[in-house]
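Report on one structure; see the data block that follows.
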Amino acid sequence: MKKTISIAVHHLTRVEGHGNITVNATDGRIEKCEWAVPEAPRFFEAMVRGRHYSEVARITSRICGICSIGHTLASVKATEQALGIRVTPQTKMLRTLLKHAENFDSHVLHVYFLAAPDLLGAPSVFPLVATHGEVVARALRLKRLAHEWGSLIGGRTTHPTTVIPGGFSKLPTVRELEGLKKKLLSAVPDLAATLDTVKALSGAIPAFDRPTEYMALHAADEYALYDGQVQSVLPDGDKASYKVVDYRKCTNEYMVPTSTAKYTKNRLASYAAGALARFNNNHGQLHPEAKKAAAALGLKPICVNPYLNTVAQVIEIVHSYHDSLRLVDELIKKGIREEGLVKPTKYSRGAGAVEVPRGILFHEYSYDKDGMCLGGNCIIPTNQNHANIQGDFEALVPQLLQEGATEKGMEKRLEMLVRAYDPCISCSTHFLDVHFVR
Amino acid sequence: MPKPRVAFFDFACCEGCQIEFTNYGDPAFLELLKHVDVVEFREAMSEKTTEPIDIAFIEGSFTREADRARLEDIRRRAKIVIAYGQCATTAGINALKNHTKDYKAFVYGQDAGMPHLDSQKAVGIDQAIPVDYYAWGCPVNKYEVLQIVSHLLHGKEPVIPNYPVCVECKRRETICRYDDDDYCLGPTARAGCGAPCPADGIPCEACRGFVDNPNHEALVKVLTKRAGMPKGWAEEKSRMFTANQRGDAK
Chain A
100 MKKTISIAVH HLTRVEGHGN ITVNATDGRI EKCEWAVPEA PRFFEAMVRG RHYSEVARIT
160 SRICGICSIG HTLASVKATE QALGIRVTPQ TKMLRTLLKH AENFDSHVLH VYFLAAPDLL
220 GAPSVFPLVA THGEVVARAL RLKRLAHEWG SLIGGRTTHP TTVIPGGFSK LPTVRELEGL
280 KKKLLSAVPD LAATLDTVKA LSGAIPAFDR PTEYMALHAA DEYALYDGQV QSVLPDGDKA
340 SYKVVDYRKC TNEYMVPTST AKYTKNRLAS YAAGALARFN NNHGQLHPEA KKAAAALGLK
400 PICVNPYLNT VAQVIEIVHS YHDSLRLVDE LIKKGIREEG LVKPTKYSRG AGAVEVPRGI
460 LFHEYSYDKD GMCLGGNCII PTNQNHANIQ GDFEALVPQL LQEGATEKGM EKRLEMLVRA
520 YDPCISCSTH FLDVHFVR
Chain B
33 MPKPRVAFFD FACCEGCQIE FTNYGDPAFL ELLKHVDVVE FREAMSEKTT EPIDIAFIEG
93 SFTREADRAR LEDIRRRAKI VIAYGQCATT AGINALKNHT KDYKAFVYGQ DAGMPHLDSQ
153 KAVGIDQAIP VDYYAWGCPV NKYEVLQIVS HLLHGKEPVI PNYPVCVECK RRETICRYDD
213 DDYCLGPTAR AGCGAPCPAD GIPCEACRGF VDNPNHEALV KVLTKRAGMP KGWAEEKSRM
273 FTANQRGDAK
């Protein structure tokens, strides 16, 4: 019997941005198996040229609506590096608190709205309002909490206002931080219920192991999100580290004809970035409560099932929550000082990196003597995952064919795989590139 | 009466305005769902429709001819089309490349000619299809969006401001950026956002675009004379979000 499989998913749903999946197979022979990115390119690099350093983060923040806090932080850090600005410890604490808010916010969105419907057999969160009303209401409450938490520090969560080179344009008051603490504490039951829900649904997460390289920031003293060096770990535990300024040496971008996004690679043919990559690199530095959550959900390093990125996100939700309570307490104890902005000491070239929800993000800019931008480069986590997604496809499709999966079943498994990476495709086709005008 | 059918669509953008839709919290969001049926929203749902739509929210700019047919199809099926967010209204930040000719070569180098990298001048969606209402801003003001929907559900015309951001700063008693040794585009920027940026200690960048008939010449004068901005920068300043509304728009 001749068996043909033909899957053509045009504009995959429940992901940020536009991606296509194509699989053609006849009699178990794969003719085509492809993850492609047709998102309209937007040319941010052409946009930052000639703009003042104070405007650059406001422009590159617009690369992505979901991780605009991360883009703003990476951009501001790169600019500060280029301008010889060293921010104060208070600024670093507040930015870390803001980074936590973004990761919490984005992970809640992904786990509840984008990934959970697959596990419940629903096409989206909307029909769940009728069948699982309390879960949807809980997701919206957590989302709202993250929005208020991020807005207190960053002004707002979509394209933050207060984060500028040298520090903050506006600081929260101790009283406002006490209000945030109260809100955080009131979310304890929702957080516990989140763990219960994910535990109950985790049986529906597909088993699929494909060892690869995992890249993330690493810091000596904390689970790195706001700052650190680049680290990559292989499935056998072998680690390599790189300075942020040398980020090109570990990302090695290249163009492919099927995608408007650039691909990357490092020690292997592809690598993964994101919550699972962070967990695999830095699990020992998670908050004790997050470690407990990992044990309860059965996630152990080095985990090589990409579908479990969603579970790693849940563990990070717990980490960001508890580490933020610690930071808020410390800020309240110390009191908030009006410090003013740290001024530029030079105008040159600099790079910065942060961990955004989907993985490690690099920005780099150079400036002329008047502080006007000469050019920039951004390498986005989703770009770094494209080649790894393609690698997963090439391993998973033969496995599914062998299992005798139906076309529909195969399509769902592939869609779920892409969704597990929580891709942010608008980000990945921003098209900033490495042309520096001298 | 059946609930109005609402759908969200996206073109060249960051999808941040769609994210704003998830930031209302549970009371407002669940209440909204009592009054409308969301029938298509690719970023959040797998359901799709080919049926008529009552209100279509379209996010993102029109940047390539290949997108025209999709826009026309949405227009054919939708009773009301709302340009949702600045990318859709005037192309916002996407238009910041329009005044340059070399953006493709500059970004892609030798790969610039690859056909799938096609991108023309970024313009608002009303350059491809007729638009009924404009939800300005980068990002949109999510409460203004609720108000627009509420007005439409009640058969009223939404009221969208056409006065400068300065009015809103005065109303909330924010110290003028110019009095704080800064600059600001508030005098010519379209209000409706509630002026959050000056209140957060940063200038208004006119992310909702200009008011109708802005006095750009006077703006440049204020930027140079009052804020001491170098002339070249002052002339370029407003391009960030208003490239397609300036006198020198390409």
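Chain order of the listed sequences is A and B.
Every number in our numbering is 99 more than the matching position in the first sequence, counting from 1.
Every number in our numbering is 32 more than the matching position in the second sequence, counting from 1.
Ideal placement from N, C-alpha and C gives every residue a C-beta, glycine not left out.
All of these numbers come straight from a predicted model, not from anything done at the bench.
Cα-Cα separation between residue i and residue j, rounded to whole angstroms
i	j	result
Leu333 (chain A)	Glu312 (chain A)	5 Å
His382 (chain A)	Met261 (chain B)	49 Å
His110 (chain A)	Arg448 (chain A)	38 Å
Ile112 (chain B)	Lys35 (chain B)	15 Å
Leu208 (chain A)	Tyr195 (chain B)	36 Å
Ile106 (chain B)	Lys66 (chain B)	24 Å
Ala256 (chain B)	Lys269 (chain B)	It should be noted that the sequence gives Thr, not Ala, for residue 256 (chain B). Using only the alpha carbons, I get a separation of about 11 Å.
Lys338 (chain A)	Lys174 (chain B)	45 Å
Tyr105 (chain A)	Ala214 (chain A)	Looking at the sequence itself, residue 105 (chain A) is Ser, so the reference to Tyr does not match. Straight-line Cα distance between these residues: approximately 24 Å.
Val99 (chain B)	Leu184 (chain B)	The identity of residue 99 (chain B) in the sequence shown is Asp, whereas the question assumes Val. When rounded, the distance between both Cα atoms is 27 Å.
Lys247 (chain B)	Cys201 (chain B)	Reading off the sequence, residue 247 (chain B) comes out as Asn, not Lys. Their backbone Cα atoms lie some 19 Å apart in a straight line.
Lys80 (chain B)	Phe41 (chain B)	11 Å
Thr125 (chain A)	Lys131 (chain A)	10 Å
Asp212 (chain B)	Glu463 (chain A)	30 Å
Thr82 (chain B)	Val224 (chain A)	20 Å
Tyr346 (chain A)	Val329 (chain A)	8 Å
Lys433 (chain A)	Pro310 (chain A)	45 Å
Val496 (chain A)	Leu385 (chain A)	34 Å
Pro190 (chain B)	Ser268 (chain A)	34 Å
Val71 (chain B)	Ser78 (chain B)	10 Å
Val114 (chain A)	Thr409 (chain A)	13 Å
Ala145 (chain A)	Tyr135 (chain B)	5 Å
For residue i, the residue or residues it bridges with in DSSP
i	result
Trp134 (chain A)	A:Ile120
Gln328 (chain A)	A:His317
Ala450 (chain A)	A:Glu463
Thr125 (chain A)	A:Thr103 and A:Arg128
Ile87 (chain B)	B:Val38 and B:Ile112
Cys472 (chain A)	A:Tyr466
Pro196 (chain B)	B:Arg222
Ile263 (chain A)	A:Gly266
Val455 (chain A)	A:Gly458
Asp345 (chain A)	In DSSP, Asp345 (chain A) forms no bridge with anything.
Ser93 (chain B)	B:Ala44
Val70 (chain B)	B:Val38
His151 (chain A)	A:Met471
Glu115 (chain A)	A:Cys523
Cys477 (chain A)	A:His462
Gly169 (chain B)	B:Val172
Own chain, CB closer than 6 Å to residue i, minus 5 neighbours either side, in chain order
i	result
Asp280 (chain B)	none
Gly127 (chain A)	Leu500
Cys49 (chain B)	Glu91, Tyr116, Gly117, Pro171 and Val172
Gly327 (chain A)	Leu316, His317 and Ala318
Ala303 (chain A)	Leu218
Gln489 (chain A)	Trp134
Val297 (chain A)	Val413
Chain-order list of residues whose beta-carbon lies under 8 Å from that of residue i (same chain, five-residue window excluded)
i	result
Gly266 (chain A)	Val186, Thr187, Thr190, Glu438, Gly439, Leu440 and Val441
Leu279 (chain A)	Glu247, Trp248, Leu251, Pro271 and Val427
Ser93 (chain B)	Phe43, Ala44, Cys45, Cys119, Ala120, Ala123, Gly124, Asn126, Ala127, Ala154, Val155, Gly156 and Ile157
Ala110 (chain B)	Ala39, Pro84, Ile85, Asp86, Ile87 and Ala88
Cys402 (chain A)	Leu375, Phe378, Asn379 and Ala411
Gly253 (chain A)	Ile168, Thr171, Leu197, Ala200, Pro259, Thr260, Thr261 and Val262
Gln277 (chain B)	Thr122, Gly241, Phe242 and Pro246
Lys348 (chain A)	Tyr341
Chain-order list of residues whose beta-carbon lies under 7 Å from that of residue i (same chain, five-residue window excluded)
i	result
Tyr152 (chain A)	Thr178, Leu182, Pro264, Tyr466, Gly470 and Cys472
Arg258 (chain B)	Tyr210
Lys468 (chain A)	Tyr446
Val235 (chain A)	Val224, Leu227 and Val228
Phe273 (chain B)	Gln118, Gly124, Ile125, Cys170, Glu237, Ala238, Cys239 and Gly241
Pro480 (chain A)	Ala372, Gly373, Val455, Arg457, Gly458, Ile459 and Leu460
For the segment 231-244 of chain B, which residues have a beta carbon sitting closer than 7 Å to at least one beta carbon of chain A? Asp232, Gly233, Ile234 and Glu237
Of all the residues that make up the segment 49-60 of chain B, which are near chain A by a beta-carbon distance shorter than 8 Å? Cys49, Gln50, Ile51, Glu52, Thr54, Asn55, Tyr56, Gly57 and Asp58
Could you tell me whether the segment 255-263 of chain A touches the segment 225-235 of chain B, using the rule of 3 or more Cβ pairs below 8 Å? yes
Cβ-based contacts, 7 Å cut-off: residues of the segment 63-82 of chain B near chain A: Leu65, Val70, Arg74, Glu75, Ala76, Met77, Ser78 and Glu79
Short of 7 Å Cβ to Cβ, which residues in the segment 228-253 of chain A face chain B? Val228, Ala236, Leu239, Arg240, Lys242, Arg243 and His246
Could you name the residues of the segment 119-131 of chain B whose beta carbon sits closer than 7 Å to any beta carbon of chain A, in the order they occur along the chain? Ile125, Asn126, Leu128 and Lys129
If contact means a Cβ-Cβ distance below 7 Å, which residues of the segment 257-290 of chain A contact chain B? Thr257, His258, Thr260, Thr261, Ile263, Ser268 and Lys269
At a Cβ cut of 9 Å, what residues of the segment 198-220 of chain B count as close to chain A, listed as they run along the chain? none
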